[in-house]
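The opening position of the sequence shown corresponds to residue 222 in my numbering, with each subsequent residue numbered one higher.
Built from N, CA and C at the ideal position, the CB exists for glycine as well.
One structure is given below, encoded as structure tokens.
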Amino acid sequence: MRHAASPGALLEDAIRQIVREEVRAALADAERIRGATTPVRAPRFGSGPQALTPEDVSAKTGVAVQTLYNWRHLRKGPRSFKLGRLVRYFESDVDEWIAAQPRKLP
Numbered sequence: 222m223r224h225a226a227s228p229g230a231l232l233e234d235a236i237r238q239i240v241r242e243e244v245r246a247a248l249a250d251a252e253r254i255r256g257a258t259t260p261v262r263a264p265r266f267g268s269g270p271q272a273l274t275p276e277d278v279s280a281k282t283g284v285a286v287q288t289l290y291n292w293r294h295l296r297k298g299p300r301s302f303k304l305g306r307l308v309r310y311f312e313s314d315v316d317e318w319i320a321a322q323p324r325k326l327p
């Protein structure tokens, strides 16, 4: 049985995920500028919940990114949150939403 993490802990994990993404992108840019041929990996700060981008959710569900944004305003689809100006989805929320969808018969 999973215990729900506190909202503060979830927010902290989401912030860490975004910082990791930004650090990874900055390191990749720096390496590209210097002409390095081997990628540099950003440090991993924890194993908390994954914060997915709308593009990640689109790839996982087959739902267009614009549809996800539209659903967000209609309070439909997987639960999402904003972190600053960024929209993110917890992977567990997306998985729960997928599991709750009716199955189509072949």
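The DSSP-derived three-state label of K303 is strand.
Spatial neighbours of V286 in its own chain (CB-CB distance under 7 Å, excluding positions within 5 residues in sequence) are listed in chain order as P275, E276, S279.
Under DSSP, the beta-bridge partners assigned to A272 are F311. In the three-state scheme derived from DSSP, where H, G and I count as helix and E and B as strand, K281 is classed as helix.
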